[in-house]
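Asks:
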Amino acid sequence: MASDEYAKPLYDMHPQPLDRIRQVFFEFLSGWLGGPDLFVEKHGHPMLRKRHMPFPIDQDLRDQWMHCMNKTLDIEIDNPVLREGLRQSLAQLASHMINQH
Numbered sequence: 163m164a165s166d167e168y169a170k171p172l173y174d175m176h177p178q179p180l181d182r183i184r185q186v187f188f189e190f191l192s193g194w195l196g197g198p199d200l201f202v203e204k205h206g207h208p209m210l211r212k213r214h215m216p217f218p219i220d221q222d223l224r225d226q227w228m229h230c231m232n233k234t235l236d237i238e239i240d241n242p243v244l245r246e247g248l249r250q251s252l253a254q255l256a257s258h259m260i261n262q263h
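Residue numbers (this note's numbering): 163 to 263.
#1: Is it right to say A164 is buried, meaning 16 or more other beta carbons lie within 10 angstroms of its own, or is it exposed?
#2: By how many angstroms is the C-alpha of G206 removed from the C-alpha of Q226?
#3: Taking E187 as the reference, which of L244, A169, P171, P208 has the closest Cα?
#4: May I ask you to report which of helix, strand or coil DSSP gives I260?
#5: Which residues in the same chain have their Cβ closer than 8 Å to the Cβ of Q202, if we skip the five residues on either side of it in sequence?
#6: Give me the Cα-Cα distance between P198 and L235, rounded to the nearest whole angstrom.
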């Protein structure tokens with residue numbers, strides 16, 4: 163995200179450094195993917211849409227986030243069936259966060 167000009171607006175809206183954001187996202191993904199529910203243990207129910215309401219998220223920002231997720235999936239996930247399943251699930255999640263039209 164930091165080095166991708168397309169995702170610059172997404173990057174710029176996050177507090178720097180990204181260490182805390184990365185950790186919280188890891189905790190969320192752990193539970194979301196069926197592992198330990200680290201996020202819930204530390205922060206309570208995710209309530210993702212409510213937590214993201216203070217940030218104006220439109221289709222462009224959603225697409226920037228998916229661009230970053232897609233790049234990561236392409237690098238990290240070798241199994242094409244798993245990669246596509248995750249891509250679809252993340253796309254649904256990202257679309258749910260849109261709060262500006």
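Glycine included, each C-beta is placed from N, C-alpha and C at the ideal position. Keep in mind that this is a model prediction, so the values were computed, not measured.
Replies: On the basis of the supplied data:
#1: Burial state of A164 is exposed, judged by a 10 Å Cβ sphere holding fewer than 16 other Cβ atoms.
#2: 27 Å
#3: One detail in the question is off: residue 187 reads as Phe in this sequence, not Glu. Distance check between F187 and each of L244, A169, P171, P208 places P208 closest, using alpha-carbon atoms only.
#4: When DSSP states are grouped into helix, strand and coil, I260 belongs to the coil group.
#5: Per the sequence shown, residue 202 should be read as Val rather than Gln. Cβ within range, chain order: G193, P208.
#6: 21 Å
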